[in-house]
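Chains as they are written, first to last, in the numbering used here: chain A, -19 to 237; chain B, 9 to 182; chain C, 28 to 634.
Let me begin by presenting the structure, written as structure tokens, before commenting on it.
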């Protein structure tokens, strides 16, 4: 079993956190087949922070993200998003939350096949009740931001994996969410597409967007402010990635000193 | 580095500073920390080995940057041979691996702590590499080099995760 | 041998893996088989009962009468009647028997009855066949069966004729009389009790002495004679020749057996009209529902076929497994459907109890059995062939990768839907994804609505049925109403199964987009309303199309082409009811679907 003590992963910046979880637990199955996907997790995410959660397959990181986004209900514990208790909300309130405060990016993109990129990005705005014109305007702006303005009229089948994921990111931003939750965003992408997504996340971070990314790709994790390691449903380590020099690059690349 | 300089000279005879400029362009940020005088040291060695010939450009004598270097036939042969080589600088996990084994065997330190510390360092390096990569405009040779560095770091990090799993298992058994 | 074992194991495993779909398919095919069985049984109902009664009672070719109720002639020409027994072409006769009109009271009912005097010994022509008890004796009478059924009396009970008590010796049937219950009044019917009772009396047989003693001054005796001809087919000509050459009111009036048969089977004929409409409708609806289900499953099958191929199955093996699955389901369903149809057929096909009603009972002939089983197996084969052929043609990779056909894109609809409120936005887009299924929905609802409208036309047409108000309801309308009720119930039941199948299939197909839309911020209510709207629009179209469809259908099937259009509010109620039913049937599985966790559905779709 896990010997390291659970550490409360605190944000160092002042002010109330955007997202917060207390003693979060999610169990599947019963009796002998009981699986603790998420085991007594405490978490805080500050405004504007990029947090990466890393871990091997099956460690529960995706489940954690789904809990934070209201797509799953916790077995026990509290989740607070901008002060509201997700675990106590009904489905209707959760839906409302999902279209105002949370943007989700899935590993499998989950775009709607029969809608163009622009129509896919418009959809959350339409669901939130915005007028078609406002939704279209916002979609155009977002597609420009992710660098796909020239592909706005393409169907997902005509886009590459990296482009599809960028459309999905644009869709997640449609309603200007408080926090963007990304579940293995580069899981299905090659390294060139990964770089595109990396760049995008970097830009979002620079613009002040709060990001929580679940990944087993260390390249993505390295872009975060804070990196949490997860195993068997619990947090085991926390690293703050700051600063660093560029002086070592030469020897890293194999140039003798 | 020697073969690199030889290969760069194969294009045309060049001054030392021209070679330095081309290296810098190819390496980008990776080459920033390179010693300015290193290239002249290398050129001197090559001259001694007879792979490079040096001429003084008429004009201003006794200034090192006025020397023009050319490839000798021996040098050309060396370049051709080097281009055809497929030896690869292999990965070098042996030292770190032995570090962990020794620490565990002699109870000198907790292997897990060593792995964690190394992971953190590599993550920082990866972060820096990616920062530099994103600052490069797309498609440059320097960007490609940084990609290579990042991917190797990623591979090393994956191995460190495997090390962590292994030594955590060992720890629970002992 | 091992091959067959492998195939059956794979087939069983496949069926067990998706029990719900297998059960649905079984229900659909069973419903189709049941309706087909019913339809074929109804189709086979003929006026044959009369022939059986005629044979059993040695029924007459000609019935000649003088006098009788309403004749209003004091003198009867008995001699002319007896002269008929010696006419050319006559081979046998029985009678003349006396008859008179009496008032009968039994079981609290009061009715008119025609009492005919008979001998205890069997007559050579027209000896009524006993269904209960024994033949006439002094002080004992025999009632005609339909009359006895309406009164609720049987052998051993007491009846009162003109105030005198008689015991009921037995109950019998005859082919010689048109005065069997129910009697239909075609025109000039007066609904007052006394007149009606005179026009619609029941038939009673008594000893000749008893019958003569019941005659009164107001109701004198008449006489009836039964004749058998050398050429029974010429009876009609014989009767009309005689009647036209003897127009005097005191002369005997002749009726041929063809005449009597026509009148007797009129009840059955009317039923037949109704039943023919129904059998077509039910058959169509059954086929439509199976098409929906099998068609919906075929897309699923393509992927399954791909999986089988990927683990090394040849197209032949794949086809064999699919065929085995479908055959198993089809055989079970055919058996269930035949049983249900066989049980339900007697409810509808027993003709008036006046005739030996054996035509309805063995309605499931070997031909019907064979046809139903053949149809069920045919469905199984077609359901196998299409994906099997597709499997043989497409590559394994394509079959695996293409979980189903990609959804259809309609730019205009997407643009239009953006302006609508969220539930309609979702509903319109969902319906437009699968235009073929939407069209199938419309077609299926149209068939159902046509059926209901046609039934309403029948109801409207029979609104002018007459009710005897003598305390005895006209059993004809009662029976027809029962028939209509059973048919309407069957139609609505099949329509309900159909609607449930379509809705279930739609909800299953839209699980992924529904979960995704919820993840993007649509509330469960919006998603449920959207799905319901997606079904309601085709339902509305289908229901509206069903109005002219049903009227056309009724017009084509009804032999005389007359159509009474149902009142407008019935039609409006049908349309609204259909839409409401479809919405309700969709809303329930849709609502249940929204209770699942979103991430579960989204991740399952990747598997």
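Backbone N, C-alpha and C define an ideal beta-carbon position, used for all residues, glycine too.
In this text, all values refer to a predicted model and were calculated from it rather than measured experimentally.
- Item | Buried or exposed by the 16-neighbour rule on C-beta atoms within 10 Å, applied to residue 496 (chain C) | Position 469 of the third chain, counting from 1, holds the residue named residue 496 (chain C). Confidence at residue 496 (chain C) is low in this model, with a pLDDT of 31, below 50, so the placement of that residue should be treated as unreliable; the coordinate-derived value is given next. Exposed is the call here.
- Residues of the segment 166 to 180 of chain A with Cβ closer than 8 Å to any Cβ of chain B, in chain order: 171, 175, 178 and 179
- Query: Where does residue 156 (chain A) sit, in a helix, a strand or coil, going by DSSP?
  - Reply: By 1-based counting over the first chain, the position of residue 156 (chain A) is 176. Correct three-state label for residue 156 (chain A): coil.
- Give the range of the alpha helix (DSSP H) segment to which residue 96 (chain A) is assigned. The residue labelled residue 96 (chain A) in the question sits at position 116 within the first chain. In the DSSP assignment, residue 96 (chain A) falls outside any alpha helix (DSSP H) and carries neither an H nor an E.
- Residue environment, residue -12 (chain A), which counts as buried when at least 16 other CB atoms sit within 10 Å: The residue you call residue -12 (chain A) lines up with position 8 of the first chain. Its pLDDT being 37, under 50, residue -12 (chain A) is placed unreliably in this model, and the coordinates cannot settle the point.
- Task: Could you confirm whether any beta carbon from chain C is found closer than 8 Å to the beta carbon of residue 22 (chain A)?
- Result: Walking along the first chain from the start, residue 22 (chain A) turns up at place 42. Cβ-Cβ to chain C under 8 Å: no for residue 22 (chain A).
- For the beta strand (DSSP E) holding residue 187 (chain C), just list the boundary residues, first then last. Position 160 of the third chain, counting from 1, holds the residue named residue 187 (chain C). From DSSP, the beta strand (DSSP E) with residue 187 (chain C) extends over 185 to 188.
- Please go through the segment 116 to 156 of chain B and give each complete alpha helix (DSSP H) segment of 4 or more residues, from N-terminal end onward. 119 to 143
- Message: Let me see if you follow: with CB-CB separation under 8 Å, is residue 492 (chain C) close to chain A or not?
- Response: Locating residue 492 (chain C) in the third chain gives position 465, counting from the first residue. Only weak support is given to the placement of residue 492 (chain C): the predicted model assigns it a pLDDT of 41, under 50, and the question is left unresolved by the model.
- Message: Given a cut-off of 8 Å on the beta-carbon distance, is the pair residue 574 (chain C) and residue 547 (chain C) in contact?
- Response: Counting from one through the third chain, the residue named residue 574 (chain C) turns up at place 547. Counting from one through the third chain, the residue named residue 547 (chain C) turns up at place 520. In this structure, residue 547 (chain C) does not lie closer than 8 Å to residue 574 (chain C) by Cβ.
- Comparing the C-beta of residue 99 (chain A) with each C-beta of chain C, is any distance below 8 Å? For the purposes of this step, residue 99 (chain A) is taken as residue 119 along the first chain, with counting starting at 1. Cβ-Cβ to chain C under 8 Å: yes for residue 99 (chain A).
- Distance between beta carbons of residue 365 (chain C) and residue 399 (chain C), contact taken as under 8 Å: Position 372 of the third chain, counted from the start, is the residue given in the question as residue 399 (chain C). Position 338 of the third chain, counted from the start, is the residue given in the question as residue 365 (chain C). Going by Cβ atoms, the distance from residue 399 (chain C) to residue 365 (chain C) rounds to 6 Å, so yes, they are a contact pair.
- Would you kindly check if the distance between the Cβ of residue 161 (chain B) and the Cβ of residue 130 (chain B) is under 8 Å? Translated into the one-based positions of the second chain, residue 130 (chain B) becomes position 122. Translated into the one-based positions of the second chain, residue 161 (chain B) becomes position 153. Contact flag set, yes.
- Message: If we require 4 or more residues per run, which alpha helix (DSSP H) segments fall completely within the segment 516 to 547 of chain C?
- Response: Complete alpha helix (DSSP H) runs here, min 4: 538 to 546.
- Message: On the criterion of 16 or more Cβ atoms from any shown chain inside 10 Å, does residue 444 (chain C) qualify as buried, or is it exposed?
- Response: For the purposes of this step, residue 444 (chain C) is taken as the residue at position 417 of the third chain. Classification for residue 444 (chain C): buried.
- Cβ-based neighbour list, residue 14 (chain B), same chain, cut-off 8 Å, excluding 5 preceding and 5 following: To locate residue 14 (chain B), count along the second chain from 1; it is residue 6. Answer for residue 14 (chain B): 54, 59, 60, 79, 83, 86, 87 and 90, listed in chain order.
- Nearest-angstrom Cα distance between residue 539 (chain C) and residue 102 (chain B)? Translated into positions along the third chain, residue 539 (chain C) becomes position 512. Translated into positions along the second chain, residue 102 (chain B) becomes position 94. Rounded to the nearest angstrom, the two C-alpha atoms are 49 Å apart.
- Query: Any Cβ of chain A within less than 8 Å of the Cβ of residue 158 (chain B)?
  - Reply: As a working mapping, residue 158 (chain B) is identified with position 150 in the second chain. Closer than 8 Å to some Cβ of chain A, the Cβ of residue 158 (chain B) qualifies, so yes.
- Just tell me which of B:38, B:64, B:26 and B:57 has its CA closest to the CA of residue 47 (chain B). Here the question's residue 47 (chain B) lines up with position 39 in the second chain. Per the C-alpha coordinates, the member of B:38, B:64, B:26 and B:57 positioned closest to residue 47 (chain B) is B:26.
- Throw me the rounded Cβ distance for the residue 34 (chain B) and residue 149 (chain B) pair, which I believe falls under 8 Å. What you label residue 34 (chain B) is simply residue 26 of the second chain in a count that begins at 1. What you label residue 149 (chain B) is simply residue 141 of the second chain in a count that begins at 1. At roughly 5 Å, the Cβ-Cβ gap stays under 8 Å, so residue 34 (chain B) and residue 149 (chain B) are in contact.
- Query: Between the segment 447 to 481 of chain C and chain A, which residues of the former have CB atoms less than 7 Å from a CB of the latter, in chain order?
  - Reply: 449, 452 and 460
- Message: Below 9 Å on C-beta distance, what does residue 214 (chain A) contact in chain C?
- Response: By 1-based counting over the first chain, the position of residue 214 (chain A) is 234. Chain C residues near residue 214 (chain A): none, gap ~20 Å exceeds 9 Å.
- DSSP state of residue 134 (chain A) mapped onto helix, strand, coil: By 1-based counting over the first chain, the position of residue 134 (chain A) is 154. Reduced to three states, the DSSP call for residue 134 (chain A) is coil.
- Message: As an exercise, report each continuous alpha helix (DSSP H) stretch of at least 4 residues that is fully enclosed by the segment 222 to 262 of chain C, in chain order.
- Response: 235 to 241
- Task: Kindly indicate the opening and closing residues of the alpha helix (DSSP H) around residue 220 (chain A).
- Result: One-based indexing of the first chain puts residue 220 (chain A) at position 240. Per DSSP, residue 220 (chain A) belongs to no alpha helix (DSSP H); it is in the beta strand (DSSP E), 214 to 220.
- Task: Answer with buried or exposed for residue 143 (chain B), where buried requires no fewer than 16 other C-beta atoms within 10 angstroms of its C-beta.
- Result: Residue 143 (chain B) sits at position 135 when you count from the first residue of the second chain. Exposed, since its Cβ has fewer than 16 Cβ neighbours within 10 Å.
- Within 8 Å (strictly less), CB to CB, does residue 71 (chain A) reach chain C? Counting from 1 along the first chain, the entry for residue 71 (chain A) is found at position 91. Closer than 8 Å to some Cβ of chain C, the Cβ of residue 71 (chain A) qualifies, so yes.
- Over the uninterrupted beta strand (DSSP E) stretch that includes residue 32 (chain C), give me the two end residues. Taking the third chain and counting its residues from 1, one reaches residue 32 (chain C) at position 5. Note, residue 32 (chain C): premise wrong, no beta strand (DSSP E); alpha helix (DSSP H) at 29 to 44.
- Message: Our contact map puts residue 187 (chain C) next to residue 141 (chain C) with C-beta atoms below 8 Å; I'd like the distance itself, whole angstroms only.
- Response: As a first step, residue 187 (chain C) is located in the third chain; it is residue number 160 there, counting from the start. As a first step, residue 141 (chain C) is located in the third chain; it is residue number 114 there, counting from the start. Not really, about 16 Å apart at Cβ, beyond 8 Å.
- Task: Indicate whether residue 166 (chain C) and residue 126 (chain C) have their beta-carbon atoms separated by less than 8 Å.
- Result: As a working note, residue 166 (chain C) is residue 139 in the third chain. As a working note, residue 126 (chain C) is residue 99 in the third chain. It is not a contact, given that the beta carbons lie outside the stated cut-off.
- So which residues of chain C does residue 103 (chain A) contact, with C-beta pairs closer than 7 Å? Here residue 103 (chain A) refers to the residue found at position 123 when the first chain is read from its first residue. What residue 103 (chain A) touches in chain C: 547.
- Message: Would the segment 162 to 171 of chain A count as touching the segment 74 to 93 of chain A if we require 3 or more Cβ pairs under 8 Å?
- Response: yes
- Query: Is it buried or exposed for residue 372 (chain C), if we count other Cβ within 10 angstroms and need 16 for buried?
  - Reply: Taking the third chain and counting its residues from 1, one reaches residue 372 (chain C) at position 345. Buried, by the Cβ-count rule.
- Task: Mind listing the chain A neighbours of residue 625 (chain C)? Cutoff is C-beta to C-beta under 7 Å, in chain order.
- Result: The residue you call residue 625 (chain C) lines up with position 598 of the third chain. Those are 51, listed as they occur along chain A.
- Rounded to whole angstroms, what's the CA-CA distance from residue 29 (chain A) to residue 204 (chain A)? Just pull it up for me. Here residue 29 (chain A) corresponds to residue number 49 of the first chain, with the count starting at 1. Here residue 204 (chain A) corresponds to residue number 224 of the first chain, with the count starting at 1. Cα to Cα, residue 29 (chain A) sits roughly 8 Å from residue 204 (chain A).
- Would you say residue 133 (chain B) faces chain A, with C-beta separation under 8 Å as the test? Position 125 of the second chain, counting from 1, holds the residue named residue 133 (chain B). By this cut-off, residue 133 (chain B) is an interface position.
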